[in-house]
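Here's the structure, in structure tokens; my notes come after.
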Amino acid sequence: MKPPISGQATASLAGLQRWMQEVLLYPRLANEEQVNNEVLASSRLSAADCLGVYQRSYYARLLTCMREQFPALCYALGSPVFNEFARDYLLELPSDSYTLYQLGRRFPGYLSDTRPDRELPPNEREHWIDFMIDLADFEREVFTMFDAPGDEGKLADDVNLADEELALQRCFKIHQAKFPVARFYSLVRDEKNPELPPLQTSQIAMVRVNYRTRLIPLTNPQYQFLLALGRVGNVPSAFAAMDAVELDVDDIRSAWLTPEGWREQWLASGFFVHAAGLSVA
Amino acid sequence: MLTAGKTEPGLGLGLRHCHAEQILAGEARVNWFEAISENYMDSGGKSLYILRQVAERYPVVLHGVSMSIGSTDPLDFGYLRKLKLLAAKVSPRWLSDHLCWTGINGINTHDLLPVPLTEETLKHIAGRVNTVQDFLQRQLVLENPSTYLSFAQSTISEPDFLRALVAETGCALLLDVNNVYVTSFNADKDPLDYLNAFPFEHVVQMHLAGHEDCGTHVIDTHDRPVRPEVWELFRLAWARTGGAPTSLEWDGDIPSLAQCEAELFKAQQYISPSSEYRPPVDVQPGASGSVSTPVSFMIPNVMDNTVGEIA
Ligand SMILES: [Fe+2]
Chain F
969 MKPPISGQAT ASLAGLQRWM QEVLLYPRLA NEEQVNNEVL ASSRLSAADC LGVYQRSYYA
1029 RLLTCMREQF PALCYALGSP VFNEFARDYL LELPSDSYTL YQLGRRFPGY LSDTRPDREL
1089 PPNEREHWID FMIDLADFER EVFTMFDAPG DEGKLADDVN LADEELALQR CFKIHQAKFP
1149 VARFYSLVRD EKNPELPPLQ TSQIAMVRVN YRTRLIPLTN PQYQFLLALG RVGNVPSAFA
1209 AMDAVELDVD DIRSAWLTPE GWREQWLASG FFVHAAGLSV A
Chain L
5 MLTAGKTEPG LGLGLRHCHA EQILAGEARV NWFEAISENY MDSGGKSLYI LRQVAERYPV
65 VLHGVSMSIG STDPLDFGYL RKLKLLAAKV SPRWLSDHLC WTGINGINTH DLLPVPLTEE
125 TLKHIAGRVN TVQDFLQRQL VLENPSTYLS FAQSTISEPD FLRALVAETG CALLLDVNNV
185 YVTSFNADKD PLDYLNAFPF EHVVQMHLAG HEDCGTHVID THDRPVRPEV WELFRLAWAR
245 TGGAPTSLEW DGDIPSLAQC EAELFKAQQY ISPSSEYRPP VDVQPGASGS VSTPVSFMIP
305 NVMDNTVGEI A
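Put into structure tokens, the structure is as follows:
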């Protein structure tokens, strides 16, 4: 963030806007004399009080939006601590978008970049901070699923489709975290008051069907297979990529093909569309 | 160029996420809906799906909060392109934003900040309105904002400023009757004087909303019923505009669709050709500490939109 300028000329529209934005974002920089020069007092409020309506509302309104975009993190930290982090974030990285949907975009990265133990080797860092960052990251991913481009109305659920005809749908993601963040998130949603969980790798799929996002836990082989599928784009090539992650191709193929196995479950869960150019009439 | 028309009179409501299911189920009784443009411009998901469905059944208008027509930053053509695309998708009757700026240096404060009402500002904004109208190939509708301060350097009244802006650009106006009250109260002005000076002939839409009376000032909270003094101003404005389409904005502590409609339909009591202003009775101030320009209603409740096999 560039250092704020103070005491600047406000005679022009541009100058006035520079001044007003500065005292809005950094209320402490407001100098009484300048406020009185720019703003008229009302019969009931001083010029500073009039400006104060804008200053107070600026952080209050954006903090509300942050709490709504990160409800599980807000639960984990408690509102006062969450507000402090979010306020520092907004101070450092103010909104740069016309849409509030982007307000939390840089928050997980900000938390990670500013963690107090960032100089320590990863295994000596505080677990709870790792968890907060993991959770923020996960919540941002879930949030973006809501309005991301999707394939509603075009999902493939026909088990007779050939493997070559299957491609992952657009509103699908896999997510890996050092903590069971999806479970924690779901417990918060269901008002079960979860405790901070212990370190435990979690892998999940997020898939949107009929405009609802479903969180599905994955085993490591499932995660690796879907990761490969996302990268290579088709099922046969994804099998071929399993060697590289030290998984037995035959095991994977059988888990995929077995009745009620991955293939059938995932077709039913809306993971797939007909691959481009191969769609069945 | 498409111009806003007055062919769709009647009462409308701000489209809110929490009412979507009921509206799509056919339970709404209002004539039309007003959608916040920014909520749909980037949507490939539920938001856009809902708006498209609503637009198939009702007239809709688009109401923006981030055009920042008064900013000294360059116009954001990426934003305008997306707005134009959205308009092509849902065919709004018209498209509005506010006489305000939202930030500079690429920052969006997500507030509707006041501009100093000067000749310099008028020239600056008129140029930008013309550019926007040329780009969008349609008339822009601008709303009078709620303001909490007056700049010492302002030399023009807001009604005169808007009248001059219309004369220079051919834009139209959205008259927010509640904002007239809020701005006037906070500036020690009489809202009747404001209305008497207003160029009603250019009004294509009106807004109603609730505000909070903090005693020393009032805040445009959009979280409660319309106040009696604002209904009285509406009575006058309805008559003077010849019944401009009017929508209710309810953005905080949003009640049920039926309650929003009940509040909106109170307007019928104030609609009559011979409307005469009646001074309202005094109302008690409420608690202070409220937030102006509520925006959190724009954030969908994503958590409740997830299902997990996890917990
Ligand atoms: Fe309004």
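Residue numbers (our numbering), protein chains in the order written: chain F, 969 to 1249; chain L, 5 to 315. Ideal Cβ positions, reconstructed from N, Cα and C, are used throughout, including at glycine.
- G49(L) belongs to the set of residues whose beta carbon lies under 8 Å from a beta carbon in chain F.
- Set against 7 Å, the gap from the CB of N183(L) to the closest heavy atom of ligand 1 is smaller.
- Note on the region 1082 to 1149 of chain F: whole beta strand (DSSP E) runs with a minimum of 3 residues are 1134 to 1136 and 1140 to 1145, in chain order.
- Cβ-Cβ distances below 7 Å link V1200(F) to A1206 and A1209 in the same chain, with the five nearest sequence neighbours on each side left out; the list follows chain order.
- As the crow flies, the alpha-carbon of Y1026(F) is around 22 Å from that of N1005(F).
- Under the Cβ distance rule, T125(L) counts among the residues neighbouring chain F, one pair being separated by less than 8 Å.
- Under the DSSP assignment, A176(L) falls in the beta strand (DSSP E) whose first and last residues are A176 to D180.
- For H128(L), the enclosing alpha helix (DSSP H) begins and ends at E123 to L140.
- What you get when you keep residues with a C-beta closer than 5 Å to any heavy atom of ligand 1 is D180(L) and H211(L).
- For C1033(F), a Cβ of chain L is located within less than 8 Å of the residue's own Cβ.
- Closest by C-alpha distance to V1007(F), out of A271(L), S260(L), F155(L) and M210(L), is F155(L).
- At least one beta carbon of chain L lies nearer than 8 Å to the beta carbon of S1065(F).
- Setting aside the 5 residues that flank it on each side, Y1153(F) is surrounded in the same chain by A1040, L1103, F1106, E1107, V1110 and L1183, each with a C-beta closer than 8 Å to its C-beta; the list follows chain order.
- Sequence-distant partners of V299(L) (beyond 5 residues in either direction) whose C-beta falls short of 7 Å from its own C-beta, in its chain, are H114.
- Under DSSP, the beta-bridge partners assigned to V207(L) are L177(L).
- As the crow flies, the alpha-carbon of N1202(F) is around 8 Å from that of L1136(F).
- Using a 10 angstroms sphere on the CB of W1096(F), the tally of other CB atoms stays under 16, which defines it as exposed.
- The DSSP assignment places complete beta strand (DSSP E) segments of no fewer than 3 residues inside the region 1167 to 1236 of chain F at 1170 to 1177 and 1180 to 1185, in order along the chain.
- For K1146(F), same chain residues with a beta-carbon under 7 Å away, outside a window of 5 residues either side, are D1098, D1102, L1167 and T1169 in chain order.
- Counting only Cβ-Cβ distances below 7 Å, M1100(F) has no contacts in chain L at all, with the closest Cβ about 17 Å away.
- Between F238(L) and Y274(L), the C-beta spacing is below 8 Å.
- Per DSSP, reduced to three states, the secondary structure at A213(L) is strand.
- Comparing alpha carbon positions, the residue from P78(L), P120(L), V69(L) and E233(L) closest to T135(L) is P78(L).
- Just so you know, the alpha carbons of L166(L) and P203(L) end up roughly 8 Å apart.
- Between the region 91 to 103 of chain L and the region 138 to 147 of chain L, the count of Cβ pairs shorter than 8 Å is three or higher; the stretches touch.
- In the structure shown, A262(L) falls within a helical segment according to DSSP collapsed to helix, strand and coil.
- G1077(F) and E25(L) have their C-alpha atoms spaced approximately 35 Å apart.
- Annotated as distal: G18(L) and S41(L), with beta-carbon spacing of 8 Å or more.
- Distance check between D1126(F) and each of T1187(F), L1071(F), V1241(F) and G1198(F) places V1241(F) closest, using alpha-carbon atoms only.
- Nearest in C-alpha terms to A243(L), of all of P120(L), Q209(L) and G214(L), is Q209(L).
- The beta carbons of P249(L) and G16(L) sit closer together than 8 Å.
- DSSP, reduced to helix, strand and coil, places G1077(F) within a helical segment of the structure shown.
- Counting along the chain, the unbroken beta strand (DSSP E) around E253(L) starts and ends at T250 to E253.
- Three or more beta-carbon pairs drawn from the region 213 to 233 of chain L and the region 249 to 264 of chain L are found closer than 8 Å, and the two stretches are therefore classed as touching.
- Listed in chain order, the positions of the region 31 to 64 of chain L with a beta carbon within less than 8 Å of a beta carbon of chain F are E42, N43, M45, D46, S47, G48, G49, K50, S51, L52 and Y53.
- Exclusion of the five residues before and after Q1037(F) leaves G1072 and F1111 as the residues of its chain whose Cβ lies within less than 6 Å of its Cβ.
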